[in-house]
Amino acid sequence: MNLLLKEIRHNPVLWLLAFVPVVFAAVKFSPEAHTLLFVLSVLAIVPLAALLSHATESVAAKTGDAAGGLLNATLGNLTELVIALTALRAGEYMLVKASIAGAIVTNTLFVLGASFLLGGLKHHVQEYNRVNARIQAGLLFLATVALLIPSLVAKVDASADAFTQKLSVGLAVLLIVTYGLYLLFSLKTHREFFASAEHAEDGEVPWPIGLALATLAGVTVLVALVSEIFVESVQKAAEAFGMTPAFVGFIVVALVGGAAEMGSAFAGARKNRLDLSVGIALGSSSQIALFVAPVLVLLSYVLGPTPMDLQFWPGAVVMIFIATLTASLVTSNGRSAWFVGVLLLMVYLIFAMTLYLLPPRVQ
Amino acid sequence: MNLLLKEIRHNPVLWLLAFVPVVFAAVKFSPEAHTLLFVLSVLAIVPLAALLSHATESVAAKTGDAAGGLLNATLGNLTELVIALTALRAGEYMLVKASIAGAIVTNTLFVLGASFLLGGLKHHVQEYNRVNARIQAGLLFLATVALLIPSLVAKVDASADAFTQKLSVGLAVLLIVTYGLYLLFSLKTHREFFASAEHAEDGEVPWPIGLALATLAGVTVLVALVSEIFVESVQKAAEAFGMTPAFVGFIVVALVGGAAEMGSAFAGARKNRLDLSVGIALGSSSQIALFVAPVLVLLSYVLGPTPMDLQFWPGAVVMIFIATLTASLVTSNGRSAWFVGVLLLMVYLIFAMTLYLLPPRVQ
Amino acid sequence: MNLLLKEIRHNPVLWLLAFVPVVFAAVKFSPEAHTLLFVLSVLAIVPLAALLSHATESVAAKTGDAAGGLLNATLGNLTELVIALTALRAGEYMLVKASIAGAIVTNTLFVLGASFLLGGLKHHVQEYNRVNARIQAGLLFLATVALLIPSLVAKVDASADAFTQKLSVGLAVLLIVTYGLYLLFSLKTHREFFASAEHAEDGEVPWPIGLALATLAGVTVLVALVSEIFVESVQKAAEAFGMTPAFVGFIVVALVGGAAEMGSAFAGARKNRLDLSVGIALGSSSQIALFVAPVLVLLSYVLGPTPMDLQFWPGAVVMIFIATLTASLVTSNGRSAWFVGVLLLMVYLIFAMTLYLLPPRVQ
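Residue numbers (the working numbering), protein chains in the order written: chain A, 3 to 365; chain B, 3 to 365; chain C, 3 to 365.
Structure, rendered in structure tokens:
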């Protein structure tokens with residue numbers, strides 16, 4: 003417990019934990035103040051996500067390489083998963099899908115681009131492990147194809163609901179199998195390819211296993227509770243801020259859910275450890291596309307009011323496709339300078355601006 | 003003749019030759035048993051294709067490098083060409099186009115992916131001639147553009163039939179000219195780039211030229227006769243098996259037509275001669291796209307009931323485009339491991355599953 | 003003045019300057035002879051563009067590296083800009099957009115492809131600075147995304163005019179900012195990456211600054227005057243030649259506007275200085291996409307009868323996207339042979355043929 007307090011004293015982000023009780027109080031006393039609840043829940047989720055990330059890494063560090071890698075690879079986006087599960091249970095499938103698509107695009111373009119830019123402002127040219135980047139980009143490309151197909155077919159024949167449902171389940175199974183084989187590949191048969199892309203080193207002392215597990219359990223529950231407030235308030239707050247629902251799902255939710263990881267990615271880039279940044283950016287994207295998204299499809303049969311399919315809004319599919327293609331083209335040579343980051347960020351800005359200006363009907 | 007018999011004894015695939023007389027008998031005695039005829043004709047085509055492939059390579063080996071390469075490059079997909087010609091004469095343009103598109107996708111994703119996987123299960127990392135792969139991918143990309151344009155224009159203006167027809171002939175001529183220039187490039191001016199991608203070595207003894215020519219002529223006739231049974235029975239058999247016509251044209255016909263070559267590609271990969279596998283997979287794709295397809299368009303003016311155009315079902319164009327892009331991205335660094343094969347096979351599985359589940363109306 | 007005359011005697015292209023007075027005389031005496039005026043204005047623009055290009059480079063050579071590079075980078079496509087401005091003032095937005103799209107596609111496919119082919123016919127294999135090519139291709143890719151988005155959204159919702167207008171202005175600003183940052187990157191912070199891609203060396207003696215500035219000013223006025231005749235006559239002349247308006251805007255205007263630069267690019271390729279050719283081809287494309295096009299959008303608020311947006315005909319967007327993707331895939335390894343040029347030229351021919359045959363309704 004002392005360690006936890008010391009960590010909190012040390013890390014200014016964790017001071018935001020004060021907002022966790024505040025948001026629970028606020029929801030009790032003024033349940034209709036959507037904008038206030040939205041802001042408070044964002045402020046509460048960010049430090050919880052940081053704690054969750056640290057706890058996951060501490061457990062991973064204790065349990066040895068293969069199991070630890072597996073843990074990191076499945077729980078690394080726990081915050082995003084919990085938020086999406088909350089929206090799933092509420093039947094908000096539009097929000098679930100927008101946040102999946104948004105998390106992929108945000109990680110691939112914004113986190114990668116800002117890492118390249120921040121690192122490049124300090125270091126003239128940076129190098130990173132391009133084999134790792136190529137395989138992550140390949141995984142993302144595969145996931146993009148899987149998301150593209152149901153949307154394309156649905157465009158041709160709008161009445162093909164039963165077909166889309168069956169296809170989505172099949173695709174979800176294929177994606178999870180691929181992700182499992184990827185873990186086998188990266189943690190077992192070809193570990194040396196991924197050598198320098200380890201996450202949790204960085205001089206941080208891992209917590210003892212008991213504290214880590216307790217934190218993991220406790221904080222997950224807290225994130226789930228705060229997410230409920232977040233999901234309920236986000237759409238109404240968005241209207242108050244004059245944002246379109248698409249912008250909120252795509253940009254705001256993705257930035258909130260990934261805030262903790264972004265911090266690590268940017269810090270890594272400044273320290274000229276770009277492998278860490280590329281690993282977080284592309285690794286999170288492919289984990290969400292190949293693990294979180296299909297798990298949500300399968301869980302919707304158990305938890306949701308009706309089954310959820312993998313058919314996305316066509317604009318979202320185009321953005322995921324462009325983001326994946328951009329990442330493939332940009333990362334194929336394993337070198338970066340600040341302007342490469344600018345290019346990625348500009349593509350992200352184009353998407354964000356389009357979503358912000360989009361007339362509500364189109365979405 | 004002794005050599006031919008020895009070859010047959012040696013090679014278990016050729017034992018399937020027994021089905022050639024069986025299928026002719028079956029079509030005589032029960033012409034309505036479509037499912038039976040379909041299965042028998044598949045079993046008969048596979049060994050005939052293997053013989054054809056061996057005979058072509060034997061003639062090529064005798065006639066010297068440049069002429070031999072030319073022969074291999076034009077007759078390498080003779081089986082596919084004969085099947086497609088049979089369907090063309092029957093006016094089954096849907097089947098012709100589906101089998102062209104299917105052969106491109108199957109070679110690019112399935113043959114290449116399975117070669118990478120099978121090779122990678124035995125060898126940790128495999129290298130291959132990336133210059134060759136890049137040029138083949140470039141050829142495929144060009145062909146994809148040529149197939150994309152008529153479908154796109156037709157989508158915008160459904161009544162532009164005369165235009166599509168003229169455009170298709172023009173594109174066919176451009177593709178054949180490009181293929182001719184490619185032969186000049188790869189067999190003459192820049193042979194050294196393609197050094198290790200030779201087909202017919204492999205310890206196999208080439209047949210004497212007389213036997214090879216006779217086999218080539220005789221087997222081509224047999225393939226043509228069996229193809230007729232195959233084309234007539236395939237659609238009805240598909241219904242009996244519960245397969246959609248799109249699945250049959252795309253997947254089944256492509257696998258049957260290319261079975262012989264697949265065997266060589268997989269064997270090459272196991273022997274760590276990945277250049278052979280990449281050459282077969284991408285070479286067949288580009289040969290079909292740049293030579294077989296445009297030749298069929300031009301021949302449709304002579305042989306078909308009406309001219310055939312190059313306008314494909316939009317879904318087929320998307321699949322060809324994705325397959326080409328995947329191959330470009332995957333082969334650009336000249337190295338492979340088993341997981342790269344998994345990625346290619348998964349894209350193929352996504353396509354196969356979509357086509358299998360597709361409601362008939364959409365196609 | 004002597005220098006200018008010497009230059010004219012030396013350079014046969016400049017003999018075409020004789021057509022400048024001829025075209026002004028012709029427009030006075032037979033203002034309805036559209037086909038004649040079209041031919042004469044083309045013949046007059048080509049030498050003027052060559053003079054403009056030489057004058058820009060002379061000023062650039064005098065003003066030192068950074069300022070000179072900046073000048074080259076902003077005035078390098080002055081001819082295209084002046085022609086487009088003339089069409090803009092006449093409210094011919096279709097022609098403006100077609101000429102922008104056409105200039106991008108023509109530079110990326112035709113100029114690059116013909117340079118590779120001409121260079122490759124003389125030299126077995128040619129190498130060039132692939133870092134420069136990658137960054138230019140990245141810039142082009144970004145611009146393609148910016149042009150893609152308004153067209154895609156407009157396709158979904160045809161009534162979103164106000165939205166498209168706002169989005170276009172936002173995108174124009176983003177593109178110009180990116181271009182500014184690119185200049186900072188290539189002329190200041192990472193100059194060494196672009197080392198061998200200098201334009202104006204080549205043994206040519208730069209003019210004295212006074213002559214260069216006077217030529218720049220005088221010739222720009224002449225180009226503007228001739229452009230007016232060109233823009234007025236081009237559509238009617240096209241009909242007389244049996245060309246579709248799309249073909250004229252895309253192919254003819256682009257070839258006329260870029261003729262001077264093409265000469266330099268081809269000469270560089272023959273002298274095995276492929277960096278010069280790649281720099282001209284991809285540099286012009288990205289300059290038009292990231293600087294000329296957005297400047298025209300912003301200027302349309304001042305000069306045009308109504309504001310112009312960035313929404314292109316879907317076919318044009320597809321062509322730009324394919325051209326960019328082709329250039330990315332082809333230039334990623336920094337080596338070239340004649341057949342690579344053939345591949346690029348064939349993609350260009352496919353586009354030109356499609357536009358030539360296109361039924362007028364579809365455009």
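Where is the CB? At the ideal position from N, CA and C, for every residue including glycine.
Residue-chain proximity (residue i, chain B), Cβ-Cβ < 8 angstroms
i: M264 (chain C); result: no
i: P361 (chain C); result: yes
i: F196 (chain A); result: no
N- and C-terminal bounds of the alpha helix (DSSP H) containing residue i
i: I211 (chain B); result: 211-243
i: L97 (chain A); result: 95-107
i: R193 (chain A); result: Neither: R193 (chain A) is in no alpha helix (DSSP H) and is coded neither H nor E.
i: F21 (chain A); result: 21-31
i: S170 (chain A); result: 163-186
i: E59 (chain C); result: 36-64
i: G259 (chain B); result: 255-259
i: A92 (chain A); result: Premise fails: A92 (chain A) is in no alpha helix (DSSP H) and is neither H nor E.
i: N366 (chain C); result: Outside the displayed span of chain C (3 to 365) sits residue 366 (chain C), for which this structure offers no information.
i: N4 (chain C); result: 4-12
Proximity winner among the options, relative to residue i (alpha-carbon distances)
i: T166 (chain B); options: B:L149, B:P23, B:P208, B:E230; result: B:L149
i: L351 (chain A); options: A:F252, A:V332, A:S338; result: A:F252
i: L119 (chain C); options: C:A354, C:V344, C:P361; result: C:V344
i: F187 (chain B); options: C:F341, C:A291, C:N131; result: C:F341
i: L185 (chain B); options: B:F293, B:L97, B:N109; result: B:F293
i: V236 (chain B); options: B:V254, B:L123, B:N131; result: B:V254
i: H126 (chain A); options: A:L300, A:K273, A:T88, A:T246; result: A:K273
i: A262 (chain B); options: B:A57, B:E129, B:A51, B:G115; result: B:A51
i: A417 (chain B); options: A:L224, A:G212, A:G140, A:I151; result: The displayed coordinates of chain B run from 3 to 365. Any statement about residue 417 (chain B) would go beyond what the structure contains.
i: V175 (chain C); options: C:L300, C:L346, C:M310; result: C:L300
i: K124 (chain A); options: A:L359, A:S338, A:S302; result: A:S338
i: F26 (chain A); options: A:A239, A:S101, A:V225; result: A:V225
i: S43 (chain B); options: B:A20, B:L53, B:L169; result: B:A20
i: A92 (chain C); options: C:N74, C:F232, C:V297; result: C:F232
i: A103 (chain C); options: C:L305, C:V304, C:A295, C:A329; result: C:A295
Test: residue i CB closer than 8 angstroms to a CB of chain C
i: L351 (chain A); result: yes
i: Y303 (chain B); result: no
i: I178 (chain B); result: no
i: G281 (chain B); result: no
i: A199 (chain B); result: Because the pLDDT at A199 (chain B) is just 45, under 50, the model does not fix this residue reliably, and the value given afterwards should be weighed accordingly. Chain C, which has no Cβ nearer than 8 angstroms to the Cβ of A199 (chain B), makes this no.
i: L114 (chain B); result: no
i: V228 (chain B); result: no
i: V107 (chain A); result: no
i: F143 (chain B); result: yes
Sheet register partners of residue i (DSSP bridge)
i: S338 (chain A); result: A:Q128
Proximity test, Cβ basis, 8 angstroms: residue i and chain A
i: V319 (chain C); result: no
i: N274 (chain B); result: no
i: I231 (chain B); result: no
i: T308 (chain B); result: no
i: A139 (chain B); result: no
i: F31 (chain C); result: no
Checklist entry - Going along the chain, which unbroken runs of the beta strand (DSSP E) with 3 or more residues stay wholly within the segment 272-331 of chain B? => result none
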